[in-house]
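Okay, structure first, notes after.
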Amino acid sequence: MNSIMTSPTQRIARRIMLCESPVLRDMLRQKCRIRMKEARAHAFNRHRNLMESDQVMMTKIFKSEISELDRDIEAHEEVIQELMNEADQWLFEEVEKADEDLISHYESGSVQVFCPICQKNLLQQQGSTISCPCGMRFIFENGLERFHEIIQMKVVYHETFCDKVLQFFKEPKFEEGFYSLSAICNYCEYMTSIIL
Numbered sequence: 001m002n003s004i005m006t007s008p009t010q011r012i013a014r015r016i017m018l019c020e021s022p023v024l025r026d027m028l029r030q031k032c033r034i035r036m037k038e039a040r041a042h043a044f045n046r047h048r049n050l051m052e053s054d055q056v057m058m059t060k061i062f063k064s065e066i067s068e069l070d071r072d073i074e075a076h077e078e079v080i081q082e083l084m085n086e087a088d089q090w091l092f093e094e095v096e097k098a099d100e101d102l103i104s105h106y107e108s109g110s111v112q113v114f115c116p117i118c119q120k121n122l123l124q125q126q127g128s129t130i131s132c133p134c135g136m137r138f139i140f141e142n143g144l145e146r147f148h149e150i151i152q153m154k155v156v157y158h159e160t161f162c163d164k165v166l167q168f169f170k171e172p173k174f175e176e177g178f179y180s181l182s183a184i185c186n187y188c189e190y191m192t193s194i195i196l
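Take the sequence shown: its position 134, counted from the start at 1, is 134 in the UniProt record's numbering, and no numbers get skipped.
Written out as structure tokens, the structure reads:
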């Protein structure tokens, strides 16, 4: 019985001896590595299974969303087609209206001249005053038709030696609210007065 019973110091000495043994240490390290690999593989497989089920669920969601989008796209395409047809119809009506206006203008024989300054509005003549809704007012005695001819002559003359666009500008006159009209080309430095 004496041999079975060992003193605490002997037990401690025995443990130290076992722990310091290189064979025992290698064996413990190997067992720890194996356990860690198994734990890691188990965690990875658990995560992979979760990812696979997530993928299946996400695939189902995406497929349902895509089928809804396909239905929405078909509805949107129908709406877009209707809007395009309406726009085409409106554009066709506007072109017809513009053609009718042009025909009636040529049949009436009256001259219509765009303002050389704003280039948007038609000039109007009242007596010897030619005016535009943009605020331009000229005193010109010879009428709107002659005014148009003079502008055309100056533009054509300039185009004989330069391919750039002639720029029109206004200068205030002594009569308040009236302007003189001139044209200049910034490229060839051609300048001419149209109405003084």
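Virtual Cβ for every residue (Gly too), placed ideally from N, Cα, C. Being a predicted model, the structure only gives us computed values, none of them experimental.
Rounded to the nearest angstrom, the gap between the Cα atoms of I117 and L196 is 15 Å. If you draw a 10 Å sphere on the C-beta of I73, you find fewer than 16 other C-beta atoms in it, and that means exposed. Sequence-distant partners of S182 (beyond 5 residues in either direction) whose C-beta falls short of 7 Å from its own C-beta, in its chain, are F169, E171, M191, T192, S193, I194.
For D163, the closest alpha carbon among the candidates E189, Q119, F62 is that of E189. Assignment of F169 by DSSP, reduced to helix, strand and coil, places it in the strand class.
In this model, H148 and G127 are separated by some 16 Å (Cα to Cα).
In the three-state DSSP reduction, S182 falls in the strand class (E or B). Shown here, I61 sits in a helix according to DSSP, grouped into three states. In the three-state reduction of the DSSP assignment, I73 falls in the helix class. Around the CB of L123, 16 or more other CB atoms lie within 10 Å, so the residue is classed as buried. The beta-bridge partner set that DSSP reports for S131 consists of Q124, R137. Note that the C-beta distance between I130 and F140 is below 8 Å.
Taking the Cα positions, K120 is about 9 Å away from C134.
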